[in-house]
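Colleague: I have a structure I would like to understand better, so I am pasting it below and will then ask my questions one at a time.
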């Protein structure tokens, strides 16, 4: 069962503002649409606008990836093959890197969403390092900084609402 914090769109806006201080992160979609490049966001307003567009379009979930330069390490856009192709599209891109902080959103009721902060731990990354050499060395990351940013965002999010199981999208 996945748990997330129930918040309003205004709360999400405040969380995003907090994510851009004291350091400005590189922010991108965690995954692209099929056959499309990753979307990048340079301001809190762009992130909020994307979230609002997803809610309006009836998207069930969306995830942003955040990387702060002080976390070191490296991130890259990985091309992922889709086989068999879906809707005539044979690939998508994903944002990859050991210490990327993911900001997941699950759009539920009007003006409400569920949100969670997710990040690999250093131990989890080390246990997978040999399997994913393209991600580079886990030791290249400053895990103290990764944990500091993830903890700060998690605490901010937790103060905004209550935690509940993620509402799953019903198949129609």
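Residue numbers (our numbering): 8 to 179. Positions of the beta carbon are idealized from the N, C-alpha and C atoms, including for glycine. Since this is a predicted model, take the numbers as computed values, not measurements.
1) When the Cα atoms are used, what is the spatial distance from residue 147 to residue 109?
2) Could you spell out where the alpha helix (DSSP H) holding residue 55 opens and where it closes?
3) Figure out for me which residue from 42, 27, 107, 9 has the closest Cα to the Cα of residue 127.
4) Just the Cα atoms here: how many angstroms apart are residue 92 and residue 86?
5) Beta-carbon within less than 6 Å of residue 83's beta-carbon, same chain only, minus the 5 sequence neighbours each way: which residues are those?
6) Pull up the DSSP beta-bridge partners for residue 74, would you.
7) Quick one, are the C-beta atoms of residue 116 and residue 142 less than 8 Å apart?
8) If you draw a straight line from the C-alpha of residue 35 to the C-alpha of residue 57, how long is it?
9) First and last residue of the beta strand (DSSP E) that includes residue 173?
10) I'd like to check one pair, residue 66 with residue 114: are the Cβ atoms closer than 8 Å?
11) Could you round the C-beta distance between residue 123 and residue 26 to whole angstroms and report it? I think they count as a contact, below 8 Å.
Modeller: Well, looking at it:
1) In the chain shown, residue 147 corresponds to position 140, counting from 1. In the chain shown, residue 109 corresponds to position 102, counting from 1. Answer to the nearest angstrom: the Cα atoms are 19 Å apart.
2) Here residue 55 is taken as the residue at index 48 of the chain shown, counted from 1. Residue 55 -> alpha helix (DSSP H) spans 51 to 64.
3) As a position in the chain shown, residue 127 is number 120, starting the count at 1. Among 42, 27, 107, 9, the Cα nearest to that of residue 127 is on 107.
4) To locate residue 92, count along the chain shown from 1; it is residue 85. To locate residue 86, count along the chain shown from 1; it is residue 79. Residue 92 and residue 86: Cα-Cα distance of roughly 14 Å.
5) For the purposes of this step, residue 83 is taken as residue 76 along the chain shown, with counting starting at 1. Here the set comprises 103.
6) The count along the chain shown starts at 1 and reaches residue 74 at position 67. Per DSSP, 33.
7) Looking up residue 116 in the chain shown gives position 109. Looking up residue 142 in the chain shown gives position 135. One thing to note: residue 116 has its Cβ no nearer than 8 Å to the Cβ of residue 142.
8) On the chain shown, residue 35 is found 28 positions in, with the first residue counted as 1. On the chain shown, residue 57 is found 50 positions in, with the first residue counted as 1. For residue 35 and residue 57, the distance between alpha carbons rounds to 11 Å.
9) The residue given as residue 173 occupies position 166 in the chain shown. No beta strand (DSSP E) holds residue 173; DSSP gives it neither H nor E.
10) As a first step, residue 114 must be located in the chain shown, where it is residue number 107. As a first step, residue 66 must be located in the chain shown, where it is residue number 59. In contact: residue 114 and residue 66 (Cβ atoms closer than 8 Å).
11) As a first step, residue 123 is located in the chain shown; it is residue number 116 there, counting from the start. As a first step, residue 26 is located in the chain shown; it is residue number 19 there, counting from the start. Going by Cβ atoms, the distance from residue 123 to residue 26 rounds to 14 Å, so no, they are not a contact pair.
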